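Colleague: Here UniProt numbering is used: the first residue of the first sequence is 1, the next is one more, and so on. C-beta: ideal position from N, C-alpha, C; glycine also. Nothing here was measured: the structure is a model prediction, and the numbers come from that model.
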Amino acid sequence: MTPDLFGETAPPGLAYLPGFALAEEAALIGAALGVAAAAPLRVMSTPGGKKMSVAATNCGAAGWVSDARGYRYERRDPLTSLPWPAMPGLFLTLAQAAAAQAGFAGFNPDACLINCYEPGAKMALHQDKDEADLTAPIVSISLGLPAVFLWGGANRSDKPARLPLHSGDVVVWGGATRLNFHGIAPLPSGHHPPLGAARLNLTFRRALRA
DNA sequence: CAGTCTCA
DNA sequence: TTAA
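#1: If we count the other Cβ atoms within 10 Å of its Cβ and call it buried at 16 or more, is ARG209 buried or exposed?
#2: In whole angstroms, what is the alpha-carbon distance linking ASP169 and PRO78?
#3: Straight-line CA distance for LEU41 to ALA154?
#4: Please state if the CB of CYS116 and the CB of LEU200 are separated by a distance shorter than 8 Å.
#5: Near LEU187, which residues of its chain fall below 8 Å by C-beta distance, leaving aside the five closest residues on each side in sequence?
#6: At what residue ranges does the segment 1 to 64 contain a whole run of the alpha helix (DSSP H), taking only runs of 4 or more?
#7: Determine the direct distance from the alpha carbon of ASP110 to that of LEU165, and round the result to whole angstroms.
#8: Express the C-alpha separation of THR57 and VAL35 in angstroms, rounding to a whole number.
#9: Leaving out the 5 sequence neighbours to the left and right, which residues in its chain are closer than 8 Å to LEU5 when beta-carbon positions are compared?
#10: Tell me where the alpha helix (DSSP H) around THR93 begins and ends.
#11: Whose CA, out of ALA207, ALA68, SER167 and ARG206, lies closest to the CA of ILE29?
#12: For the segment 127 to 139 and the segment 87 to 107, state whether three or more C-beta atom pairs, one from each stretch, are separated by less than 8 Å.
#13: Kindly give me the distance between the Cβ atoms of GLY151 and LEU134, rounded to whole angstroms, as I take these residues to be in contact under 8 Å.
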């Protein structure tokens, strides 16, 4: 456990970078909304047929998709059959800088999943394991309303730590904890000036073989 | 294939 | 909140 400047404690195996992206908050939100203008936010279904509580879209060479056929990465948006929008340069720059700061130099993400949470939306504990390259880390940037990040272990039964995430915070994990279970507790209601009553999460991954 | 969900 |  390493204490940080804001008094929060990063759980083992997780790099916690509070405020790392705060200076670029407005530009990141603008870029994310630009992606959503071309590849609309949509509610995906799990393979079991249940709707997720977040709305999602993607940018980059590959995008994460879930439907009755399963979880996978697709090079094109199933909604428009167009390639996903290009990853904004600012996204790539920040994701690489955060990864480097966390000890993962050379991170070259090709996928950015954008999840939009409205109050009540959540993400149950899960593993990110649909990527072809599990040697690359996961970089997650929070924007808008604060949320509680659930940081579990290698087994679903491991009790997760709870870490508050605010707009501009970045978390990074990889290596030995690359497949750790994680999630987001139900989003409390609130209002964030640039974004309104919502939280956006940008998750960067190397989805295709490096 | 699926627990990125829902309910006990 | 935790287990299943």
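Modeller: Considering the structure as presented:
#1: Here residue 209 refers to the residue found at position 209 of the first sequence. Answer is exposed; the Cβ neighbour count stays below 16.
#2: As a first step, residue 169 must be located in the first sequence, where it is residue number 169. As a first step, residue 78 must be located in the first sequence, where it is residue number 78. Taking the straight line joining both Cα atoms gives about 31 Å.
#3: Here residue 41 corresponds to residue number 41 of the first sequence, with the count starting at 1. Here residue 154 corresponds to residue number 154 of the first sequence, with the count starting at 1. Spanning the two alpha carbons is a distance of roughly 30 Å.
#4: Along the first sequence, read from residue 1 onward, the residue named residue 200 stands at position 200. Along the first sequence, read from residue 1 onward, the residue named residue 116 stands at position 116. Cβ distance < 8 Å, so LEU200 and CYS116 count as in contact.
#5: Taking the first residue of the first sequence as position 1, residue 187 is located at position 187. Excluding residues within five positions, the ones whose Cβ falls inside 8 Å are TYR117, GLU118, PRO119, GLY120, ALA121, LYS122, LEU145, ALA147 and ARG199.
#6: 25 to 38
#7: Position 165 of the first sequence, counted from the first residue, corresponds to residue 165. Position 110 of the first sequence, counted from the first residue, corresponds to residue 110. Going from the Cα of LEU165 to the Cα of ASP110 covers about 24 Å.
#8: As a working mapping, residue 35 is identified with position 35 in the first sequence. As a working mapping, residue 57 is identified with position 57 in the first sequence. Distance between the alpha carbons of VAL35 and THR57: 8 Å.
#9: Numbered from 1 along the first sequence, position 5 holds the residue referred to as residue 5. Residue confidence for LEU5 is low, a pLDDT of 47 falling below 50, so the modelled location carries little weight and cannot support an answer.
#10: Working through the first sequence from its first residue, we reach residue 93 at position 93. Segment 89 to 101, the alpha helix (DSSP H) holding THR93.
#11: For this step, residue 29 is matched to residue 29 along the first sequence. Comparing Cα positions, the closest option is SER167.
#12: yes
#13: On the first sequence, residue 151 is found 151 positions in, with the first residue counted as 1. On the first sequence, residue 134 is found 134 positions in, with the first residue counted as 1. This sequence places Trp at residue 151; Gly is not what is there. With 8 Å as the limit, TRP151 and LEU134 do not qualify as a contact, their Cβ atoms being about 18 Å apart.
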